[in-house]
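S.K.: Got a structure here, written out as structure tokens. Questions coming.
Protein chains in written order, with our numbering: chain W, -4 to 77; chain L, 1069 to 1486.
Structure below.
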């Protein structure tokens, strides 16, 4: 069982270091695009999570992510599936 | 026959080891100042070479948003900074963006990104998706086109240390032949990296005067021991005389001629005879419709390596004949170090400034010239002298030789209204 909390912490640290964004301050409806978080940003964080937590993310699924809520839902689903 | 489209420089942005902006760079060069210092970008305490020409006080936050300060390889950051200095403040107003090309080169691209990616791989991890875009040599061209919405032709001609001289020449041709009305041209390199420097040091290309950085770059001197690696960027806006007149923007200096040849010889060593370098200069002069005797100043490639300086001297004799003795020749690498892929554009900008200001920057550290280097290298002090025509040479690893000719523009040339 992967820990959602630890994955969420890694995503928060990534956003803070690379985008100066506080994940905790964002509502689930916030659009990632409005944060300057593009597909390269998405796959950078996905690569980091795959390296650290041995997760696997489908590209097609990640390209459908639009909001902070979408992203967190996928992370949560990965944890319960594992 | 239709008259050929003439092309000139209308804007300029420089980021060099002598400072951020045209003024500090030019003033430093005229004062004989050195941009070479103990290097700080990595811990070089155990390295054979511990000096370099770093851009002093470069803070990417002045030019980039937070994401790009974290994401962009340094070569892209320096390139964007030079572009902002050249093109900010409405410099592109009145230009149709689809008619503006972007030819910004780099010799080595993002070696820091390659270094990081290889380390990730060796640690057993998947490599960041940013590795490819940050390592590619066309990064600066891409981010500059993106930032200013320049939708014309865009690429990065790569010919090692002649790259940005080629970018200028090819940009000029795109305008001449009607493929663009203006072109953002230039180059950026940020190769002060332990892997790159170690390889250059093993090649015996770098000066090891670690205890005396200001005097380490000694082009044409008998006791020279290699070049000093520098970093930086130069971005120029080239445009047709017609386009500049339509916008009411002055042409600062004309880019009048471009010549290219290949040594077709060794991978790194120049042909000692200098004949192919000479031919590049002759082709550039012919392209400009000028004779050797029309040239006042040659900004030499002048790296300070053992083989290159005498070969270039021979080449200047071949190309200019008796006029070689009357020419002023200087190597500004004696103050800036060698900016690799950015060098050609920086040195073309220096030629333009020399024409504008009537000052020829010196060759520093030339206390005792090599007898095989017997030209007037303007040693120690800048020279106040009217310059109508200047030529800049670039010779690259790979045998690529490029010469560009720049010429003063007179009011009658630009079709003053009335």
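All residues carry an ideal CB built from backbone N, CA and C; glycine is no exception.
It should be emphasised that the depicted structure is a prediction, and the values quoted were computed from it without experimental measurement.
Beta carbon of residue 1331 of chain L, beta carbon of residue 1320 of chain L: below 7 Å?
M.R.: One-based indexing of the second chain puts residue 1331 of chain L at position 263. One-based indexing of the second chain puts residue 1320 of chain L at position 252. Not closer than 7 Å, so no.
S.K.: DSSP state of residue 1308 of chain L, grouped into three classes?
M.R.: One-based indexing of the second chain puts residue 1308 of chain L at position 240. Note: residue 1308 of chain L maps to strand in three-state DSSP.
S.K.: What is the residue span of the beta strand (DSSP E) that residue 1473 of chain L lies within?
M.R.: For the purposes of this step, residue 1473 of chain L is identified with residue 405 of the second chain, where counting begins at 1. Unbroken beta strand (DSSP E) run through residue 1473 of chain L: 1468 to 1475.
S.K.: Counting C-beta neighbours from all protein chains within 10 Å, is the total for residue 1415 of chain L 16 or more, i.e. buried, or is it exposed?
M.R.: Translated into the one-based positions of the second chain, residue 1415 of chain L becomes position 347. Under this definition residue 1415 of chain L is a buried residue.
S.K.: If you run the structure through DSSP and keep just helix, strand and coil, what is residue 12 of chain W?
M.R.: Residue numbering aside, residue 12 of chain W sits at position 17 when the first chain is read from its first letter. Looking at residue 12 of chain W - three-state DSSP - the assignment turns out to be helix.
S.K.: For the ligand MN, any of its heavy atoms closer than 6 Å to the Cβ of residue 1203 of chain L?
M.R.: For the ligand MN, the structure offers nothing, since it holds no ligand at all.
S.K.: Can you check DSSP and say which residues form a bridge with residue 1322 of chain L?
M.R.: Here residue 1322 of chain L corresponds to residue number 254 of the second chain, with the count starting at 1. The partner list for residue 1322 of chain L (beta bridge, DSSP) reads L:1076, L:1475.
S.K.: Where do the ends of the alpha helix (DSSP H) carrying residue 1026 of chain L lie?
M.R.: Outside the modelled stretch of chain L, which goes from 1069 to 1486, sits residue 1026 of chain L, for which no answer is possible.
S.K.: If we count the other Cβ atoms within 10 Å of its Cβ and call it buried at 16 or more, is residue 26 of chain W buried or exposed?
M.R.: Mapped onto the first chain, residue 26 of chain W falls at position 31. Burial call: exposed.
S.K.: Excluding sequence positions up to five away, which residues of its chain have a Cβ less than 8 Å from the Cβ of residue 1164 of chain L?
M.R.: For the purposes of this step, residue 1164 of chain L is taken as the residue at position 96 of the second chain. These residues qualify, in order along the chain: 1249.
S.K.: Out of L:1198, L:1195, L:1400, point me to the one whose CA is closest to residue 1095 of chain L's CA.
M.R.: Mapped onto the second chain, residue 1095 of chain L falls at position 27. Ranking L:1198, L:1195, L:1400 by Cα distance to residue 1095 of chain L puts L:1400 first.
S.K.: Within 10 angstroms of its Cβ, does residue 1403 of chain L collect 16 or more other Cβ (buried), or is it exposed?
M.R.: On the second chain, residue 1403 of chain L is found 335 positions in, with the first residue counted as 1. Residue 1403 of chain L should be labelled buried.
S.K.: Against chain B, does residue 25 of chain W count as a neighbour if the rule is that its beta carbon must be under 7 Å from one of theirs?
M.R.: Structure shown: chain B not included; protein chains present are W and L.
S.K.: Mind checking residue 29 of chain W: buried by the 16 CB within 10 Å criterion, or exposed?
M.R.: Within the first chain, residue 29 of chain W is the residue found at index 34, counting from 1. So residue 29 of chain W ends up on the exposed side.
S.K.: Count the CB pairs spanning the stretch 1095 to 1106 of chain L and the stretch 1425 to 1438 of chain L that are closer than 8 Å, and state whether there are at least three.
M.R.: Touching, per the Cβ criterion.
S.K.: Whole angstroms are fine: how far does the CA of residue 1205 of chain L sit from the CA of residue 1171 of chain L?
M.R.: Position 103 of the second chain, counted from the first residue, corresponds to residue 1171 of chain L. Position 137 of the second chain, counted from the first residue, corresponds to residue 1205 of chain L. Each residue's Cα considered, the two are about 12 Å apart.
S.K.: Examine the Cβ distances between the stretch 1102 to 1119 of chain L and the stretch 1272 to 1284 of chain L and report whether three or more of them are shorter than 8 Å.
M.R.: The stretch 1102 to 1119 of chain L vs the stretch 1272 to 1284 of chain L: in contact.
S.K.: The alpha helix (DSSP H) with residue 1238 of chain L in it runs from where to where?
M.R.: On the second chain, position 170 is the one that residue 1238 of chain L refers to. Here the alpha helix (DSSP H) through residue 1238 of chain L covers 1231 to 1244.
S.K.: Select from the stretch 39 to 51 of chain W all residues with a C-beta closer than 9 Å to any C-beta belonging to chain L, and list them in chain order.
M.R.: Result list: 39, 41, 42, 43, 45, 46, 47.
S.K.: Would you please verify whether the beta carbon of residue 1126 of chain L is less than 7 Å from any beta carbon of chain W?
M.R.: In the second chain, counting from the first residue as 1, residue 1126 of chain L sits at position 58. Residue 1126 of chain L does not count as touching chain W.
S.K.: Using CA coordinates, which residue listed in L:1078, L:1298, L:1273, L:1178 is at the minimum distance from residue 1086 of chain L?
M.R.: Stepping through the second chain from its first residue, residue 1086 of chain L is reached at position 18. The shortest Cα separation from residue 1086 of chain L among L:1078, L:1298, L:1273, L:1178 belongs to L:1298.
S.K.: Only counting the same chain, and skipping five residues up and downstream in sequence, which positions put a Cβ closer than 8 Å to that of residue 1355 of chain L?
M.R.: Numbered from 1 along the second chain, position 287 holds the residue referred to as residue 1355 of chain L. Taken in chain order, the residues that qualify are 1324, 1325, 1326, 1327, 1473.
S.K.: Distance cutoff 7 Å, beta carbons only. Does residue 1206 of chain L sit that close to anything in chain W?
M.R.: Within the second chain, numbered from 1, the residue matching residue 1206 of chain L stands at position 138. It does not; no Cβ of chain W falls within 7 Å.
S.K.: The beta strand (DSSP E) spanning residue 1441 of chain L covers which residue range?
M.R.: Along the second chain, one-based indexing puts residue 1441 of chain L at 373. Here residue 1441 of chain L belongs to no beta strand (DSSP E), and DSSP marks it neither H nor E.
S.K.: Are the beta-carbon atoms of residue 1260 of chain L and residue 1120 of chain L separated by less than 7 Å?
M.R.: Mapped onto the second chain, residue 1260 of chain L falls at position 192. Mapped onto the second chain, residue 1120 of chain L falls at position 52. Contact: yes.
S.K.: Using a Cβ-Cβ cut-off of less than 8 Å, list which residues of the stretch 1134 to 1146 of chain L approach chain W; keep chain order.
M.R.: From the stretch 1134 to 1146 of chain L, only 1134, 1135, 1138, 1139 have a Cβ closer than 8 Å to chain W.
S.K.: Okay, do the stretch 1146 to 1156 of chain L and the stretch 1207 to 1217 of chain L touch, 3+ Cβ pairs below 8 Å being the bar?
M.R.: With a cut-off of 8 Å, the stretch 1207 to 1217 of chain L and the stretch 1146 to 1156 of chain L count as touching, because enough Cβ pairs lie within range.
S.K.: Less than 7 Å between CB atoms is the rule here; does residue 1210 of chain L satisfy it with respect to chain W?
M.R.: In the second chain, residue 1210 of chain L corresponds to position 142, counting from 1. Residue 1210 of chain L does not count as touching chain W.
S.K.: Can you grab the Cα-Cα spacing for the pair residue 1449 of chain L / residue 1380 of chain L, in whole Å?
M.R.: For the purposes of this step, residue 1449 of chain L is taken as residue 381 along the second chain, with counting starting at 1. For the purposes of this step, residue 1380 of chain L is taken as residue 312 along the second chain, with counting starting at 1. Cα-Cα distance, rounded: 22 Å.
S.K.: Does the distance from the CB of residue 1112 of chain L to the CB of residue 1141 of chain L come in under 7 Å?
M.R.: Within the second chain, residue 1112 of chain L is the residue found at index 44, counting from 1. Within the second chain, residue 1141 of chain L is the residue found at index 73, counting from 1. Taking 7 Å as the Cβ cut-off, residue 1112 of chain L and residue 1141 of chain L do not qualify as a contacting pair.
S.K.: So the alpha helix (DSSP H) residue 1173 of chain L belongs to, where does it begin and stop?
M.R.: For the purposes of this step, residue 1173 of chain L is taken as residue 105 along the second chain, with counting starting at 1. That residue, residue 1173 of chain L, is in no alpha helix (DSSP H); its beta strand (DSSP E) goes 1168 to 1173.
S.K.: CB-CB under 7 Å to residue 1270 of chain L, same chain, minus the five flanking residues each way: which ones, in chain order?
M.R.: As a first step, residue 1270 of chain L must be located in the second chain, where it is residue number 202. Taken in chain order, the list of residues that qualify is empty.
S.K.: For the stretch 1 to 12 of chain W, enumerate the residues whose C-beta is nearer than 9 Å to any C-beta of chain L, in chain order.
M.R.: If the cut-off is 9 Å between Cβ atoms, the stretch 1 to 12 of chain W has 12 near chain L.
S.K.: Of the residues W:43, W:52, W:73, W:59, which one's Cα is nearest the Cα of residue 7 of chain W?
M.R.: As a working note, residue 7 of chain W is residue 12 in the first chain. Ranking the options by Cα distance to residue 7 of chain W, first place goes to W:43.
S.K.: Which class does residue 1020 of chain L belong to by DSSP, given the choice of helix, strand or coil?
M.R.: Outside the shown range of chain L (1069 to 1486) lies residue 1020 of chain L, about which nothing can therefore be said.
S.K.: So residue 31 of chain W contacts chain L; which residues on that side make the cut at Cβ distance below 8 Å?
M.R.: Taking the first chain and counting its residues from 1, one reaches residue 31 of chain W at position 36. The contacting residues are 1133, 1135.
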